[in-house]
Each structure stands twice: as structure tokens, then as C-alpha cells.
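Below you'll find the structure, written out as C-alpha cells, and then a few comments.
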Amino acid sequence: MGASIAAWVFLDERVSFVQGVAMLVVLAALGFLAYREAREARGELALDEAVT
Numbered sequence: 001m002g003a004s005i006a007a008w009v010f011l012d013e014r015v016s017f018v019q020g021v022a023m024l025v026v027l028a029a030l031g032f033l034a035y036r037e038a039r040e041a042r043g044e045l046a047l048d049e050a051v052t
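Under the UniProt record's numbering, the first residue of the sequence shown is numbered 1, with each subsequent residue one higher.
This is the structure in C-alpha cells:
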């Protein structure tokens, strides 16, 4: 995915709508996982841990 973004930004390659949506989904998922890891590292309970 990083190569696709680099090609789009630096080489002015065309990205289809489906590729763009897929990249946004992956970036959102990675951001969510990083956010959860940061919360767990600070000792905050995640919602699924608090419920169980």
C-alpha cells in the first residue's frame, strides 16, 4: 500500500476509486489499532475488556 501511495503522490499515477477506498480502509484500520495499543500501553481499559 505504501508503494501505491508513493506512486500516486510522486509519480502522478492514477488510482482507481476502488484502490483509493481500499487504501483508506487500511489506513483507518491501522490508525484504530495504533490507538488501541496506545490506550492499552497507558493502562486504560478497552471497552471489550471492561464488559467481559
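Just so you know, even glycine gets a beta-carbon here, dropped at the ideal spot from N, CA and C. Note that the coordinates shown come from a computational prediction; the quantities given were computed from them, not determined experimentally.
The straight-line gap separating the alpha-carbon atoms of Glu-37 and Glu-13 is approximately 34 angstroms. Val-15 carries a coil assignment under DSSP once its states are collapsed to helix, strand and coil. Nearest Cα to Gly-20 within the set Trp-8, Arg-39, Glu-40 and Gly-43: Trp-8. Listed in chain order, the non-local C-beta contacts of Ile-5 below 8 angstroms within the same chain comprise Met-23, local neighbours out to five positions each way being set aside.
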